[in-house]
Amino acid sequence: MINSFRCEATEQIHRGETTPDLPANIQKVALRKLQQLDLAKKIDDLRVPSGKRLEPLKRDRQGQHAIRINNKYRVCFVWTESGVEDVEIVDDH
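All residue numbers for the sequence shown refer to our numbering, where the first residue is -3 and numbers rise by one.
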């Protein structure tokens, strides 16, 4: 379950709203990824199917994980025992 968001644009997408802060062509896929994240009971739920491309992050994002939206954007988050925290959609480049 998603407990918190790091940015308003990601929260808007999660509510099913559109936002001018993210490209229109990724918003539908982003919503689907956020819904999958919200339904996950454990982090391993995000590994199947492998197309979600769950990956642990490094360096300044140590402790976070990401799910790819496309080659440029991803959903980053912190997985905790009480749920998913600090969810945000970021430009990977």
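Just so you know, even glycine gets a beta-carbon here, dropped at the ideal spot from N, CA and C.
Whole-angstrom distance between residue j and residue i, CA atom to CA atom
i: ILE65; j: VAL44; result: 15 Å
i: THR14; j: ARG28; result: 13 Å
i: ASN(-1); j: GLN8; result: 14 Å
i: THR6; j: ILE85; result: 6 Å
i: ALA62; j: PRO16; result: 22 Å
i: ARG70; j: ASP88; result: 7 Å
i: THR76; j: GLY12; result: 24 Å
i: LYS68; j: HIS10; result: 19 Å
i: ASP40; j: ALA20; result: 29 Å
Residue from the options with nearest C-alpha to residue i
i: LEU50; options: ASP56, LYS37 and PHE73; result: PHE73
i: GLU81; options: LEU30, VAL25 and LYS68; result: LEU30
Integer-rounded CB distance, given that residue j should sit under 8 Å from residue i
i: ALA26; j: LEU33; result: Not confirmed; about 10 Å, so no contact.
Strand pairing of residue i, partner residues [DSSP]
i: PRO52; result: HIS61
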